[in-house]
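K.L.:
Protein chains in written order, with our numbering: chain L, 1352 to 1563; chain E, 1352 to 1563. C-beta atoms are modelled at their ideal positions from N, C-alpha and C, and glycine is treated no differently. Sharing a structure, written as structure tokens. Questions coming.
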DNA sequence: GAAGATACGGAGGCACCCTCCGCTTAACAA
DNA sequence: TTGTTAAGCGGAGGGTGCCTCCGTATCTTC
């Protein structure tokens, strides 16, 4: 058997194009109709057969995933830009605010994402990693500058942020989330130079006295 | 036409019984199989016909709602009990912790709830009202005792709590949420001179691992 | 241009949704 | 108790969307 199998073929142009079309259509359809929207509707909007859709994205979740990955990238890039801001605490606060606003435009997708996160821990890992790094870089700067306590991880903060945004079916949710984030940042912030010093000088003993 | 129409009949015993059975079955089925679970499976498990299920709960959301309402009641009652605890801040912290644990046992239901909340603002209003009052009573005590800042509403706190719990697909989510809540309560807490001192003298030593 | 690999589309089988209506049963009156 | 009647029950069946499968079309490579 001849195997120049390692010879990899260039992916077909139509396949690439169709995949892109489906993603585009899916984003629109899910945003409008929620996660239950018909996949056949997605295929139709994309102008491809239902079979094509299923070949590229064997399950509904696969499709959610692919759509979602893009969104994550965008937030990640924003953090990159904010890293050069002057005030680290303000930069963090700003990123959080942007994240809230970002979520605000994705109403229809959110329920879909809730479902996807639940079943695909792989996606959760990816986005966690990506967004954690984003927050982490902002957080570290603030900590390094002595402006924030250091016992809350980027993971924790991310969790709080995403969590709060899930509540966005209430009227006024957005301003409420923003207020919460302010309180939160206050909770994280070093109180005064003196206090900060005292605290850092303090010896170990785990952050909290959690009973049970 | 004779109308002793105002004469109201007692609801039929079998109807009451069946309704109860369906709720029981639904809780189990949704917990295990998530929100997409077959309603026919629910009917079968309840030992009733599919028609009966649909008469009692015309839509899938109606069923979610009814199941959910009970859960809310329980949390509400817990708050009632905690109102008599000595330390108000600790009572609040405890209620929050219990809420987290409570959610932890409802894995399968959470995605369903996310969907329901999105489409039924009526349910959201009900549970918000109920839980807000629960938190509110605990929060008020702490504020009245001068142990907490007063500019964060029960609604805000509830939002943060529920939000955080939506993240529970991650390993270790629970301890993370608990940690977040601690930080949060710290952020809320009054920083009186005495308190602040106490805090500094206290262990809140952070740091630790937090690699990267 | 030919050969072969790759992708396309949509028919079709299946599962589930939900409605509709004839039958059953509980509540009330006598 | 028994009769009357409203309320409730069950599940057949039409409809929709899911997903697979395979004959056909198109692209890449030589």
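1. Can you tell me the Cα-Cα spacing of residue 1399 of chain E and residue 1375 of chain E, whole angstroms?
2. Any chance you could list the beta strand (DSSP E) runs of at least 3 consecutive residues sitting entirely within the stretch 1485-1517 of chain E, in chain order?
3. With DSSP run on the structure shown, which of helix, strand or coil describes residue 1380 of chain L?
4. Given 7 Å as the limit, tell me if residue 1434 of chain E has its C-beta closer than that to any heavy atom belonging to the ligand ZN.
5. Select from L:1411, L:1477, L:1396, L:1365 the residue whose C-alpha is nearest the C-alpha of residue 1386 of chain L.
6. Whose C-alpha, out of L:1508, L:1372, L:1512, is nearest the C-alpha of residue 1401 of chain L?
7. Using the Cα positions of residue 1488 of chain E and residue 1390 of chain L, report the straight-line distance between them to the nearest angstrom.
8. Can you tell which of L:1416, L:1438, L:1443 has the C-alpha that lies nearest to the C-alpha of residue 1429 of chain L?
9. To test your reading of the DSSP string, which unbroken alpha helix (DSSP H) runs of 4 or more residues are found completely within the stretch 1364-1446 of chain E?
10. Below 8 Å on the Cβ atoms is my contact criterion, and I expect residue 1396 of chain L with residue 1380 of chain L to pass it. Report the Cβ-Cβ distance as a whole number of Å.
11. For a quick check, are the C-beta atoms of residue 1447 of chain E and residue 1404 of chain E less than 8 Å apart?
12. Where does residue 1360 of chain E fall in DSSP's three states?
13. Using the Cα positions of residue 1439 of chain E and residue 1494 of chain E, report the straight-line distance between them to the nearest angstrom.
14. Only counting the same chain, and skipping five residues up and downstream in sequence, which positions put a Cβ closer than 7 Å to that of residue 1360 of chain L?
15. Would residue 1427 of chain L and residue 1481 of chain L be called neighbours here (beta carbons separated by less than 8 Å)?
16. Is the beta carbon of residue 1346 of chain E sitting closer than 8 Å to the one on residue 1416 of chain E?
17. Can you give the Cα-Cα distance for residue 1478 of chain E and residue 1422 of chain E, rounded to whole angstroms?
18. Which same chain residues, not among the five before or five after residue 1369 of chain E, have their C-beta less than 6 Å away from its C-beta?
19. Ordered along the chain, which non-local residues of its own chain (more than five positions away) have a Cβ less than 6 Å from that of residue 1378 of chain L?
P.N.:
On the basis of the coordinates in this document:
1. 12 Å
2. none
3. helix
4. What this structure holds is no ligand at all, so the ligand ZN is not there to describe.
5. L:1411
6. L:1372
7. 47 Å
8. L:1443
9. 1364-1384, 1390-1397, 1401-1407, 1411-1433
10. 6 Å
11. no
12. coil
13. 9 Å
14. none
15. yes
16. Summary: the structure shown does not reach residue 1346 of chain E, with chain E confined to residues 1352 through 1563, and so no result is reported for it.
17. 10 Å
18. 1399, 1403
19. 1418
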